[in-house]
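Since the structure comes first, as structure tokens, the remarks are kept for the end.
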Amino acid sequence: MIIEKLGKVIKGLGGLYNVRVENDSGEVEIYTCRAKGTLHKNEEKLYIGDNVRITIDDETPDGIVISDVCERKNSLIRPPMANLDYLFIVFAAKKPMPVLEVVDKLIAIAIHNSIKPVVIVTKQDLGDNLAKEYAEIYERAGIDTFVTSSESKEGVAELSEYIKSNIASGATSAFAGASGVGKSTLMNALFPELELMTSEISKKIERGRHTTRHVEIFDINGKGESAGFLADTPGFSLVDFARFDFFSVEDLPSTFPDILPFAVGCTYADCAHVGEGIADCAVARAAAEGKIAETRLESYRSIYRILKEKKNQY
Ligand SMILES: Nc1nc2c(ncn2[C@@H]2O[C@H](COP(=O)(O)OP(=O)(O)OP(=O)(O)O)[C@@H](O)[C@H]2O)c(=O)[nH]1
Ligand SMILES: [Mg+2]
Ligand SMILES: [Zn+2]
48 MIIEKLGKVI KGLGGLYNVR VENDSGEVEI YTCRAKGTLH KNEEKLYIGD
98 NVRITIDDET PDGIVISDVC ERKNSLIRPP MANLDYLFIV FAAKKPMPVL
148 EVVDKLIAIA IHNSIKPVVI VTKQDLGDNL AKEYAEIYER AGIDTFVTSS
198 ESKEGVAELS EYIKSNIASG ATSAFAGASG VGKSTLMNAL FPELELMTSE
248 ISKKIERGRH TTRHVEIFDI NGKGESAGFL ADTPGFSLVD FARFDFFSVE
298 DLPSTFPDIL PFAVGCTYAD CAHVGEGIAD CAVARAAAEG KIAETRLESY
348 RSIYRILKEK KNQY
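Using the working numbering, the final residue of the sequence shown is 361, and nothing's skipped along the way.
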């Protein structure tokens with residue numbers, strides 16, 4: 048007999064995928080299976096977060112395969128996932144030192160893909176003022192922002208409440224950010240039953256050790272209507288706009304909600320808002336008046352230069 052079921056890919060290792068299926072009586076079953084040959088040929092074809100059809104043929108041994116992939120809402124390169132609704136962009140106040148340009152790039156990519164970005168500043172216990180100053184940059188940009196410490200538990204209950212009320216109705220989310228910022232530790236603080244592996248950052252270079260090695264989605268809000276999904280992902284430090292096509296230079300303004308209104312209001316002909324003086328450029332003026340955070344504008348300009356050069360090459 049051949050049975051087909053719909054489910055979600057929650058993990059993939061060495062060509063074997065775990066697919067979460069909710070059966071008619073509301074129970075969750077996990078099937079471990081391979082992808083059908085035709086799907087498997089192109090390695091890019093399956094993402095964690097994909098909604099798939101599995102075919103169970105009980106007459107052949109090893110007879111469960113992923114036979115189809117449903118159309119995706121979106122897919123990201125970092126973290127490599129599909130169908131995200133929320134992206135929690137995590138960085139530490141200290142240890143490792145944050146690179147705000149990477150944070151801003153991730154926010155822009157999320158917005159471009161209709162994913163809601165949420166910023167989490169971790170390790171507040173290592174520098175309270177620092178964490179709050181970073182958070183303020185993102186609050187001012189209109190982004191939902193949390194300051195947390197997995198050590199003192201500051202902000203953990205608040206974030207937990209946010210996740211419970213927003214990551215529901217089948218919503219999918221992920222923690223993303225550099226290695227060692229405390230993504231897995233924070234997930235354990237929020238959901239102790241996960242027992243994710245964590246490890247100390249290197250003392251010498253103050254960088255993470257790439258402890259989490261694969262993307263894995265967890266059930267965090269029960270089943271059925273309330274079901275919600277949150278993934279822990281491996282840390283990364285580069286988001287390379289020169290190498291990958293995240294979006295084009297024309298798309299850039301709409302990925303910075305704090306800059307967009309001033310960019311739209313800039314009357315200087317053909318202004319790219321990247322170096323023009325405050326006499327001419329409404330964006331430069333807004334930054335000078337403190338209406339746009341300096342680091343946000345620096346990131347904007349840096350991405351602009353990369354995308355512009357890329358466009359000129361073709
Ligand atoms: N002081 C302090 N240390 C923390 C906090 N959160 C995490 N850490 C420590 O930071 C180190 C790295 O934490 P992980 O959770 O492994 O970091 P990660 O972001 O998951 O790293 P990768 O899996 O490599 O991407 C561990 O030693 C944690 O104990 C925090 O809020 N305060
Ligand atoms: Mg981790
Ligand atoms: Zn301008």
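We put the beta carbon where it would ideally sit given N, CA and C, even for glycine. Since this is a predicted model, take the numbers as computed values, not measurements.
Could you tell me the boundaries of the beta strand (DSSP E) in which residue i lies?
i    : result
E356 : Counting along the chain, E356 falls outside any beta strand (DSSP E), though it belongs to the alpha helix (DSSP H) covering E341 to Q360.
R81  : V75 to A82
V194 : D191 to V194
Looking only at DSSP bridge pairs, what is residue i linked to?
i    : result
K163 : Y133
G54  : V99
E69  : V75
F265 : L277
I49  : D104
M128 : I95 and L123
L241 : Answer by DSSP bridge pairing: none, since L241 is not bridged.
L63  : L60
F283 : For F283, which the question treats as bridged, DSSP gives no partner whatsoever.
A155 : DSSP lists no partner for A155.
A319 : In DSSP, A319 forms no bridge with anything.
V150 : DSSP, once it has assigned bridges, lists no residue as partnering V150.
F138 : V168
Looking only at C-alpha atoms, which of the options sits nearest to residue i?
i    : options                   : result
K338 : R187, M48 and T219        : R187
L241 : K250, E253, K251 and F265 : F265
A310 : S72, A333, S273 and S196  : A333
G96  : C80, P127 and F193        : P127
D287 : N70, K152 and F138        : K152
V149 : G59, V166 and L177        : V166
K120 : S246, S72 and A129        : A129
I101 : V68, R125 and L285        : V68
K250 : K141, N98 and T79         : K141
N268 : T219, K179, G312 and V330 : T219
I113 : P281, I158, G54 and N70   : G54
K358 : F294, I77, K58 and Y94    : F294
D115 : T85, V137, D132 and F135  : T85
K355 : A340, G62, E297 and P304  : E297
E208 : S196, E180, L237 and V99  : L237
I50  : I103, Y361 and C318       : I103
D305 : A331, K270 and D327       : A331
E341 : L60, V56 and Y185         : Y185
N176 : I124, T195 and L243       : T195
G62  : K92, S199, E76 and A329   : K92
E345 : Y64, G59, V146 and E118   : V146
S197 : I57, I210 and L173        : L173
A35  : T169, V168 and I136       : Past the edges of the chain, shown from 48 to 361, lies residue 35, and the structure says nothing about it.
A204 : S161, N235 and F222       : N235
G271 : K58, Y64 and E74          : E74
C80  : D109, G312 and D317       : D109
F283 : R254, Y315 and L299       : R254
F303 : N65, A157 and C117        : A157
V168 : I77, F138, C328 and I210  : F138
Which residue comes first and which comes last in the alpha helix (DSSP H) that contains residue i?
i    : result
D175 : D175 to R187
T232 : K230 to L237
S220 : Not the alpha helix (DSSP H): S220 falls in the beta strand (DSSP E), residues A218 to A223.
S114 : From DSSP, S114 is part of no alpha helix (DSSP H) but of the beta strand (DSSP E) over I111 to V116.
E253 : From DSSP, E253 is part of no alpha helix (DSSP H); its letter is neither H nor E.
P308 : L307 to V311
L206 : V203 to N213
R332 : A329 to A335
Applying the criterion that 16 or more other CB atoms from any shown protein chain within 10 Å of the CB defines a buried residue, is residue i buried or exposed?
i    : result
M144 : exposed
Q171 : buried
R290 : exposed
A182 : buried
E263 : buried
P164 : buried
L233 : buried
A178 : buried
L60  : exposed
P239 : exposed
A326 : exposed
N98  : buried
G82  : This sequence places Ala at residue 82; Gly is not what is there. With 16 or more Cβ atoms within 10 Å of its Cβ, A82 is classed as buried.
Exercise. Can we say the region 249 to 260 touches the region 222 to 229, given the rule of at least three CB pairs closer than 8 Å?
Worked result: yes
Exercise. If we count Cβ pairs, one from each stretch, closer than 8 Å, do we get three or more for the region 209 to 223 versus the region 271 to 289?
Worked result: These segments touch.
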